[in-house]
Structure formats: structure tokens, C-alpha cells
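J.:
Numbering (our numbering), first residue to last: 1048 to 1471.
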């Protein structure tokens, strides 16, 4: 875990101890006690193992049923070998999670090589139901369930259509916003945290002792009703959650710079790692229920520009009643109730889900909607999220979410022992 740009006090702010009290209600198959807990799902899961344990034909039939819809043509059937890819993805996901842990904690949760080497459902079930080692049993169970969630993600209609929805959203912005661009400029900002540890001091022409960010700014003059709206948009990015590009902090050409770098690079291109993490951490067991599969981020200079941008987006994308789940921390900086519980002090953003009507490709059916999570930052608000010593640092937020929200589910104390997680 690279902490070079993130102060450990910022990581721990508001949460001085790690609490391992995972809620398995949405993901019972991650519960180490699942195989021994009375219940119909567990019972039929064990009955499936009894059927396939010594019957190759029954095993092939179960795998075919898992991977294909009923009545699928035999020419296009996905075969049991396709599970190898999904199991490998599950292994890679665990390995990449471990890299986020404090170095002194990694050895305690290093996966059992026997489980990592196994990409066969029947053998993993045998480990779960017959192995004496509780770690071996749990890791076989975890690998099967992660593979199941990865299949759920692949089989989600909203995720399959995500790239088309993103392309449509980008087209709306191109035709309604970016075609009014009158100038493109490179703006390089140098910044440091102020003495009060909340505000950010920034300037053009960065010095070597400053953190740096390079913006490719677009200046727009958009005709709207009875006036022309001028606005400088310092940064824009739309993303589909399967290809997330988070903030990274690196030393480039002898200067400290903030750059963007792909996460989950060890998984397949357009990886499902980000979606999988959110499902587990937020207690979501249906990937279609994730509200931010599509996201768009804007950075403007100040709060007046936030208002102007919202006016333009209202004209291009929809109407005020199309917004849901709004967080406006500019309006009420004292009320943190709508923010993520892991957010740090001083985090400022306008964020909300905006429903976009999409033309249904099936004739005579009405259009359907898909949500886009839109985030708008001011320049200072954004710089707070990339400043390594600010409590609103985004990297610190993501690591807190992992250490306090995801790690207890993936690496439970009931399996790996109390205190396996060492302090940062």
C-alpha cells in the first residue's frame, strides 16, 4: 500500500480502531459459518455437491445449467471450462486486495496455494465440505462465491449495455455542450495545504516543492434562452465503472505530480473489480442496483460556475426533477449526514444521480432510463481530494472504505484470527 502521498493520520481520522463486525445478510455465502448454519439454501447447496461428487455426467449438467439459459442451443453452449476464467479472476481480485493492506498484515491472509491452484467447482466444494483446515474451507467457499458474483456481473443487462449508455451520454454532451467550446487551454496548478489544514493554497507556475496538477481546460460560450453562458470547465471525464481510473501519486521528471492510473490492472481489460468491491462493501447482491455504473465528473473554478454548469446540464440532459440522491456539501458544510461515512472533513462536492432517457431499440416499446452519477467540484474542492495531507483526500477515503468496509468481509477474524490486521 503506497502511503507516500497519504498521511496515516488522515487514513485513520475518525476511525482509530478496526472493527470486524461484518453483516452477511446480503452475502450469506461469504459467512464462514454458512455451511453449518441451518437453512434451505445451504441444504440444497450441499445436496448439489452430493449429486455431482462422484458423477461426471451430473457435474457437467450442473455446470451447463449455471452458465447457460434453459433450452439454449447446443451449438452456443458455454462449457464448464469457461469457469476457469472466472475462478482465475476471483484469485486475481484477492491478490490485488492484499496489495492494499498494510505490509505487515499481508502474510496473515495470503491465500492457500491449494485453493489458488484449483479452478474446478466440484473440487472446491469438496474442500468446503470435507477439509479439516478452516482456512482452506473458507477460502474455497470465498472463491466460489466471488466467481458467482463475477458471473452475475457478466449476466447483468445494465452492465452489458453500459458502454452503449456511456456512448449515448457522451453524444448528448458533445452535441449540447462541447460543440460550444471556443478555446482549449493547458492550466498547470501548484498547490499546498494551508496552515488551517482545511483550505488549499494554489497558484499557476508550480514550484518544485508543490504538488501539481495539469488541467486541459475547455472554455465554453453556450447560448441559452435569452443569454450566453460563459464557463471554464477545467476537467471533464465520463467513465463506465468497469474501467475506473483513480488518482495516483507519483514522482515524474523529478517533480511530485498527481496523475490518473488504472486500477485492477491485473484483471481483464474492462475489469469487474470495482463493481465486485462495491457490491460486497455496500451489501448489494444485484449488480443492476448499483447507481453509479456510469459516472461523470466536472471541475470548475468556483461555486458560481457550479450553478452555471448545472443550468447547462439541465438544458442538455434533462430537468430538475430528474435528479435523485443529491449531496450538496457546498450548501451545508456542517451537515455530513448525506456524505459517505468514510468521507473526511472538508470534502466538498455537488453529487447526484441523473436519469437519462434512452431510445429503446425494440420497436414500439417506450424509452427507458439509465442513471448517471454526476459529480461537480470546484478547483479547491478537487485539490483537497488529491492533497496527500488533507482529510478529504480521495485515496485515503478509498483505503478507509477497503480497510473498514471490505477487508472484514473478505478476511474475517473468525477465520484468520483476532488482530491479524496490524496498524498502519
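Beta carbons: idealized from backbone N, C-alpha and C, even for Gly.
Taking the Cβ atom as the reference point for each residue, do residue 1423 and residue 1356 lie within a distance shorter than 8 Å?
T.: The residue given as residue 1423 occupies position 376 in the chain shown. The residue given as residue 1356 occupies position 309 in the chain shown. The answer is yes: Cβ separation under 8 Å.
J.: Return yes when the Cβ of residue 1361 is within less than 8 Å of the Cβ of residue 1425, no when it is not.
T.: Position 378 of the chain shown, counted from the start, is the residue given in the question as residue 1425. Position 314 of the chain shown, counted from the start, is the residue given in the question as residue 1361. Going by C-beta atoms, residue 1425 is not nearer than 8 Å to residue 1361.
J.: Considering only the beta carbon of each residue, do residue 1342 and residue 1396 sit closer than 8 Å?
T.: Residue mapping note: residue 1342 aligns to position 295 of the chain shown, counting from 1. Residue mapping note: residue 1396 aligns to position 349 of the chain shown, counting from 1. In this structure, residue 1396 does not lie closer than 8 Å to residue 1342 by Cβ.
J.: Per DSSP, what are the beta-bridge partners of residue 1318 in this structure?
T.: Along the chain shown, read from residue 1 onward, the residue named residue 1318 stands at position 271. Answer is none; residue 1318 lacks a bridge partner.
J.: Please look up how many angstroms separate the CB atoms of residue 1109 and residue 1095, rounded, as I've assumed it's under 8 Å.
T.: In the chain shown, counting from the first residue as 1, residue 1109 sits at position 62. In the chain shown, counting from the first residue as 1, residue 1095 sits at position 48. Right, their Cβ atoms sit about 6 Å apart.
J.: Return helix, strand or coil for residue 1409, following the three-state DSSP convention.
T.: What you label residue 1409 is simply residue 362 of the chain shown in a count that begins at 1. Here residue 1409 sits in coil by DSSP.
J.: Cβ atoms of residue 1278 and residue 1434: under 8 Å apart, would you say?
T.: On the chain shown, position 387 is the one that residue 1434 refers to. On the chain shown, position 231 is the one that residue 1278 refers to. Cβ distance not < 8 Å, so residue 1434 and residue 1278 don't count as in contact.
J.: What is the rounded straight-line gap between the Cα of residue 1239 and the Cα of residue 1469?
T.: Taking the chain shown and counting its residues from 1, the one referred to as residue 1239 is at position 192. Taking the chain shown and counting its residues from 1, the one referred to as residue 1469 is at position 422. If I take the Cα positions, the gap works out to 31 Å.
J.: Assuming residue 1338 and residue 1372 make a contact with CB atoms under 8 Å, what is their CB distance in whole Å?
T.: Position 291 of the chain shown, counted from the start, is the residue given in the question as residue 1338. Position 325 of the chain shown, counted from the start, is the residue given in the question as residue 1372. Yes, residue 1338 and residue 1372 are in contact; Cβ-Cβ is about 7 Å, under 8 Å.
J.: Sort out for me which residues DSSP pairs residue 1282 with in a bridge.
T.: For this step, residue 1282 is matched to residue 235 along the chain shown. DSSP, once it has assigned bridges, lists 1346 as partnering residue 1282.
J.: For residue 1147 and residue 1437, what's the separation of their Cα atoms in angstroms?
T.: Here residue 1147 refers to the residue found at position 100 when the chain shown is read from its first residue. Here residue 1437 refers to the residue found at position 390 when the chain shown is read from its first residue. Cα to Cα, the separation comes out at about 20 Å.
J.: Could you tell me whether the Cβ atoms of residue 1174 and residue 1156 are closer together than 8 Å?
T.: By one-based count along the chain shown, residue 1174 stands at place 127. By one-based count along the chain shown, residue 1156 stands at place 109. Not a contact, by the Cβ cut-off of 8 Å.
J.: Tell me whether the beta-carbon of residue 1281 lies closer than 8 Å to the beta-carbon of residue 1234.
T.: Along the chain shown, read from residue 1 onward, the residue named residue 1281 stands at position 234. Along the chain shown, read from residue 1 onward, the residue named residue 1234 stands at position 187. In this structure, residue 1234 lies closer than 8 Å to residue 1281 by Cβ.
J.: Going by Cα to Cα distance, which pick from 1212, 1204, 1122 and 1159 is closest to residue 1188?
T.: For the purposes of this step, residue 1188 is taken as the residue at position 141 of the chain shown. Considering only alpha carbons, the answer is 1159.
J.: Would you kindly work out how many angstroms separate the C-alpha atoms of residue 1329 and residue 1269, rounded to a whole number?
T.: Reading the chain shown from its first residue, position 282 is the one you call residue 1329. Reading the chain shown from its first residue, position 222 is the one you call residue 1269. So the two alpha carbons sit approximately 39 Å from each other.
J.: What are the residues that DSSP puts in a beta bridge with residue 1375?
T.: Position 328 of the chain shown, counting from 1, holds the residue named residue 1375. Per DSSP, 1397.
J.: Name the DSSP bridge partner or partners of residue 1236?
T.: Locating residue 1236 in the chain shown gives position 189, where the first residue counts as 1. Beta-bridge pairing links residue 1236 to 1251 and 1260.
J.: Which value, in whole angstroms, describes the spacing of the CA atoms of residue 1461 and residue 1185?
T.: To locate residue 1461, count along the chain shown from 1; it is residue 414. To locate residue 1185, count along the chain shown from 1; it is residue 138. So the two alpha carbons sit approximately 10 Å from each other.
J.: In chain order, what residues of the same chain lie with their CB nearer than 6 Å to the CB of residue 1465, ignoring the 5 residues before and after it?
T.: As a working note, residue 1465 is residue 418 in the chain shown. Contacts found: none.
J.: Please report how far the alpha carbon of residue 1301 lies from the alpha carbon of residue 1237, in whole angstroms.
T.: Here the question's residue 1301 lines up with position 254 in the chain shown. Here the question's residue 1237 lines up with position 190 in the chain shown. In this prediction, residue 1301 has a pLDDT of 47, which is less than 50 and means its spatial position is unreliable; what the coordinates show is noted afterwards. Looking at the two C-alpha atoms, the distance is approximately 15 Å.
J.: Using the three-state DSSP reduction, which class does residue 1467 fall into: helix, strand or coil?
T.: Counting from 1 along the chain shown, the entry for residue 1467 is found at position 420. Looking at residue 1467 - three-state DSSP - the assignment turns out to be coil, as it is neither helix nor strand.
J.: Just to confirm the assignment: which complete beta strand (DSSP E) runs, minimum length 3, are found wholly within the region 1404-1451?
T.: Fully enclosed beta strand (DSSP E) runs of 3 or longer: 1415-1425.
J.: Please check the pair residue 1453 and residue 1324, which I expect to be a contact at CB under 8 Å, by giving their CB distance rounded to whole angstroms.
T.: As a first step, residue 1453 must be located in the chain shown, where it is residue number 406. As a first step, residue 1324 must be located in the chain shown, where it is residue number 277. Residue 1453 to residue 1324, Cβ: 6 Å. Contact.
J.: For residue 1473, count neighbouring Cβ atoms within 10 angstroms of its own Cβ and tell me buried if that reaches 16, exposed if not.
T.: The structure shown does not extend to residue 1473, since the chain is modelled only from 1048 to 1471, so the question has no answer here.
J.: Please return the same chain residues whose Cβ sits closer than 6 Å to the Cβ of residue 1232, not counting the five positions on each side in sequence.
T.: Here the question's residue 1232 lines up with position 185 in the chain shown. These residues qualify, in order along the chain: 1264.
J.: When burial is assigned at 16 or more other CB atoms within 10 Å of the CB, is residue 1334 buried or exposed?
T.: Here residue 1334 corresponds to residue number 287 of the chain shown, with the count starting at 1. Its Cβ being crowded by 16 or more others within 10 Å, residue 1334 is buried.
J.: As a quick exercise: from 1141, 1132 and 1169, pick the residue whose alpha carbon is nearest that of residue 1102.
T.: In the chain shown, counting from the first residue as 1, residue 1102 sits at position 55. Per the Cα distances, 1169.
J.: Can you look up residue 1146 in the DSSP assignment and give me helix, strand or coil?
T.: Taking the first residue of the chain shown as 1, we reach residue 1146 at position 99. Coil.
J.: Considering only C-alpha positions, which residue in the set 1180, 1117, 1191 and 1394 is nearest to residue 1172?
T.: Taking the first residue of the chain shown as 1, we reach residue 1172 at position 125. The shortest C-alpha separation from residue 1172 is found at 1191.
J.: Tell me which same chain residues have a C-beta within less than 7 Å of the C-beta of residue 1197, skipping the five on either side of it?
T.: Taking the chain shown and counting its residues from 1, the one referred to as residue 1197 is at position 150. So the list reads 1133, 1136, 1137, 1319 and 1323, once near-sequence residues are dropped.
J.: Measuring only between beta-carbons, confirm whether residue 1219 sits less than 8 Å from chain C.
T.: Among the chains in the structure shown there is no chain C, since it carries only a single protein chain.
J.: Under 6 Å Cβ to Cβ from residue 1394, same chain only, skipping five residues before and after it: list those, please.
T.: If you number the chain shown from 1, residue 1394 lands on position 347. Contacts found: 1439.
J.: Going by C-alpha distance, which of 1183, 1427 and 1443 is nearest residue 1353?
T.: The residue given as residue 1353 occupies position 306 in the chain shown. It is 1427 whose Cα lies nearest to the Cα of residue 1353.
J.: Can you have a look at residue 1221 and say buried or exposed, based on whether 16 or more other CB atoms are within 10 angstroms of its CB?
T.: For the purposes of this step, residue 1221 is taken as residue 174 along the chain shown, with counting starting at 1. Counting Cβ neighbours within 10 Å, residue 1221 comes out exposed, since fewer than 16 surround it.
J.: With a CB to CB cut of under 8 Å and the five nearest residues on each side skipped, what residues in its chain are close to residue 1252?
T.: In the chain shown, counting from the first residue as 1, residue 1252 sits at position 205. Counting only Cβ-Cβ distances below 8 Å, and skipping sequence neighbours, we find 1235 and 1237.
J.: Would you identify the three-state DSSP class for residue 1275, choosing helix, strand or coil?
T.: Numbered from its first residue, the chain shown carries residue 1275 at position 228. It is a strand residue.
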